[in-house]
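Undergrad: Residue numbers for the sequence shown follow this note's numbering, so the first one is 4 and each next one is one higher.
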Amino acid sequence: MTVFDTDQTDESAVLAERVEAHNLMRENLLQTFGPDTLVEARNRGFSPPT
4 MTVFDTDQTD ESAVLAERVE AHNLMRENLL QTFGPDTLVE ARNRGFSPPT
């Protein structure tokens, strides 16, 4: 799983492009949650985008 820090405008833009290009919303392939830090997200099994 990939985590995007949507407080960062560059990562937010990348995510928006991926959502649009791959119809992620329609395919129900998105999950949101509110970890306080990227470290917490990594502890939950998420990795930064490649």
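All C-beta atoms in this analysis are idealised placements derived from N, C-alpha and C, irrespective of residue type, glycine included. This one's a predicted model, so the numbers in the text were calculated from it and none came from an experiment.
Taking all protein chains shown into account, do 16 or more other C-beta atoms lie within 10 angstroms of the C-beta of residue 6, making it buried, or fewer, making it exposed?
TA: buried
Undergrad: Residues bridged to residue 5 by DSSP?
TA: Answer by DSSP bridge pairing, in chain order: 50.
Undergrad: Between residue 41 and residue 29, what straight-line distance do the alpha-carbon atoms span, to the nearest angstrom?
TA: One C-alpha to the other measures close to 26 angstroms.
Undergrad: If you drop the 5 nearest sequence neighbours on each side, which residues of the same chain put their C-beta closer than 6 angstroms to that of residue 18?
TA: Cβ neighbours of residue 18 beyond the five flanking positions: 7.
Undergrad: Going by Cα to Cα distance, which pick from 10, 33 and 37 is closest to residue 21?
TA: 33
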